[in-house]
Structure formats: C-alpha cells, structure tokens
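One structure below.
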Amino acid sequence: GNFLEKHANEQLKPCRLHPEDDPYCPIFTLGTIIQEAGISNFSDIAVSGGVIAIEILWNCDLERDFQKHCLPKYEFRRIDDPEVVVEPG
Numbered sequence: 707g708n709f710l711e712k713h714a715n716e717q718l719k720p721c722r723l724h725p726e727d728d729p730y731c732p733i734f735t736l737g738t739i740i741q742e743a744g745i746s747n748f749s750d751i752a753v754s755g756g757v758i759a760i761e762i763l764w765n766c767d768l769e770r771d772f773q774k775h776c777l778p779k780y781e782f783r784r785i786d787d788p789e790v791v792v793e794p795g
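Heads up, our numbering is the position in the sequence shown plus 706, with the first residue counted as 1.
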C-alpha cells in the first residue's frame, strides 16, 4: 500500500496528510487538497465545482529499506479551467 508501517491499523485512522507534520499519510482533507492545489478561494470551487488531479509520485531505491527509501510524494493540481462556466462532457 501507499502508507508507512507507523500508519498501519489504528494509527492510520487519525492521520491526515500535512506537508510538514505527516507528509506520508494517505488520507487527505478537502482543505488540504484545495490548499495544495493552489486554489486560494474555496468558495469559488465549492459553488462552481472543479477537477483536481491527485498524483502519487514514487522515487524508489529497491536495493534499500522500502520504509525509508520508497516514500510516496503527493501532488495536487487543478486540471479544469476555472474561467469556463460549462465543462465538456
């Protein structure tokens, strides 16, 4: 899975991704997703909607300890055009 041993079982429930305090927790709040995607006004996306991509980047050295050298990095970005009123589809 994409979580560390420290997040297994009961420790996974209370963890939330935080860029500095817990960068490897695979659970995200809407606030974190919006902030990390660079969206400054939550009201805009809450009213009109939007599309946000969540990428998990893995840079692994499989010759070394997985828990120390194969850590996920989460990136969030808005992929729709906030200026377009109606998206195709």
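In this text, a Cβ means the ideal position worked out from N, Cα and C, and glycines have one as well.
| Query | Result |
| --- | --- |
| I758 - containing beta strand (DSSP E), residue span | 758-764 |
| From D771, H775, C731, residue whose alpha carbon lies closest to that of N765 | H775 |
| Where D787 sits in the DSSP three-state scheme | coil |
| CB of P725 within 8 Å of CB of G756, strictly | no |
| DSSP three-state assignment for D727, whether helix, strand or coil | coil |
| Start and end residues, alpha helix (DSSP H) containing T738 | 736-742 |
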